[in-house]
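One structure is given here, and the rest of the page talks about it.
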Amino acid sequence: MRMRYAVLALTALMGMSGAFAQCLITDFEGYALGANGVVLFRQPSFSGSTSSFVVGDPCNFAGGVYNCSQISDEQAFSGTQSLRVAWQFRLNPNTGQPYPNAWLRLTTFNTPNIPNPAITFAHRVRVRLYVPSDTPDFYLTLGVRETGTTEACAGNGGTSGGIEWIGATSAQGNNAPVGKLVNQKDQWVTVKFDASCDPIRAFAGATANGQLDTERGTLEQLAFTPTDPANLGPYIVYIDDVETYVPVPGDVDDNGCVDDADLLQVLFAFGATGPNDADVNCDRVVDDADLLTVLFNFGTGC
């Protein structure tokens, strides 16, 4: 744990500008509609870790074949385009039953456009999601690879190094991570990952150990784990505005301004324990320290 926080603190102290300043990795604008598995994320069946759990036929969304990571103009958080990811879990051919620990590994491994995007682990990662009402609930987890890259943010950060989960409180059989619950439907929601606050678990590679031993690496994957393995789907999720950023201290709601809304969020959550956006100092309890952080920074960024 000491190594984890020392690395993150050192990176933060090395300056907030330069190659790893706050950046938009992609908003999926400017790519051809319908392009499948070629912008940031591969198609759902690409990863050998989870390909046995999902339907692997060629994407034919209109025909009901859900193996798609397609550029779409059906929904957008900003601009006119986003990435429509659609998949369906399959039954175990040996038992005829759902796989009890099925999950989807949506990877950036050597994608033709924006492959292995470089990030700094001291910055938060933010992903916008739109989930239609008929898509079952799921857990979302971020996977990062510790490549130690020196590439600028969103540059190709390489494919060598251990992979750690950010935001997974546990892992089921077959390495299925249980991350942040996504159950809001028919609206854009923001899911944030913060390596200085969120739990870290080892996933793959000889150096994966449940802590971050490098300052920089790549956004390697997003993991989608169903809350109920019996829900085979289809799952349809729109992804937009994938970015890294440095939060304003005390900005609980993450809108860039420390104001009454942040103060009220801390007050309403006061005394809560465990993961909570109002726990601004990441000690797993919302208390006086969090309230003082908001008060001392009140008006910043507004």
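-2 is the number of the first residue of the sequence shown in my numbering; add one for each residue after it. Backbone N, C-alpha and C define an ideal beta-carbon position, used for all residues, glycine too.
Residue nearest to residue i in terms of C-alpha spacing, selected from the options
i           : options               : result
residue 144 : 20, 197, 158 and 274  : 158
residue 103 : 217, 240 and 252      : 217
residue 148 : 169, 70, 111 and 253  : 111
residue 296 : 170, 215, 259 and 285 : 259
residue 209 : 43, 192, 219 and 176  : 192
residue 199 : 180, 167 and 222      : 167
residue 81  : 142, 51, 93 and 41    : 41
residue 72  : 101, 237 and 291      : 237
residue 108 : 189, 154, 84 and 298  : 154
residue 214 : 269, 146 and 151      : 146
residue 37  : 79, 64, 250 and 61    : 79
residue 289 : 113, 67, 26 and 247   : 247
residue 185 : 163, 61 and 124       : 124
residue 257 : 39, 298 and 77        : 298
residue 31  : 69, 62 and 54         : 69
residue 170 : 156, 56 and 98        : 98
residue 207 : 160, 113, 89 and 24   : 160
Alpha helix (DSSP H) segment containing residue i, residue limits
i           : result
residue 30  : Looking at the DSSP string, residue 30 is not in any alpha helix (DSSP H), and its letter there is neither H nor E.
residue 285 : 285 to 293
residue 54  : Per DSSP, residue 54 belongs to no alpha helix (DSSP H) and is neither H nor E.
residue 263 : 257 to 266
Cβ-Cβ distance between residue i and residue j below 8 angstroms
i           : j           : result
residue 243 : residue 19  : yes
residue 126 : residue 179 : yes
residue 189 : residue 121 : yes
residue 282 : residue 274 : no
residue 95  : residue 219 : no
residue 83  : residue 231 : yes
residue 51  : residue 85  : yes
residue 253 : residue 245 : yes
residue 294 : residue 287 : no
residue 128 : residue 67  : no
residue 239 : residue 22  : yes
residue 118 : residue 212 : yes
residue 114 : residue 151 : yes
residue 88  : residue 47  : no
residue 53  : residue 64  : yes
Enclosing beta strand (DSSP E) for residue i [first to last residue]
i           : result
residue 115 : 115 to 117
residue 160 : 160 to 163
residue 140 : 135 to 142
residue 182 : Note, residue 182: premise wrong, no beta strand (DSSP E); not H, not E.
residue 26  : No beta strand (DSSP E) contains residue 26, which DSSP labels as neither H nor E.
residue 220 : 213 to 223
residue 239 : 232 to 242
Taking 8 angstroms as the threshold, find out whether the stretch 218 to 226 comes into contact with the stretch 129 to 143 through three or more Cβ pairs. A contact exists between the stretch 218 to 226 and the stretch 129 to 143.
I'd like the ranges of any beta strand (DSSP E) spanning at least 3 consecutive residues and lying wholly in the stretch 81 to 131. Complete beta strand (DSSP E) runs here, min 3: 101 to 104, 115 to 117 and 121 to 127.
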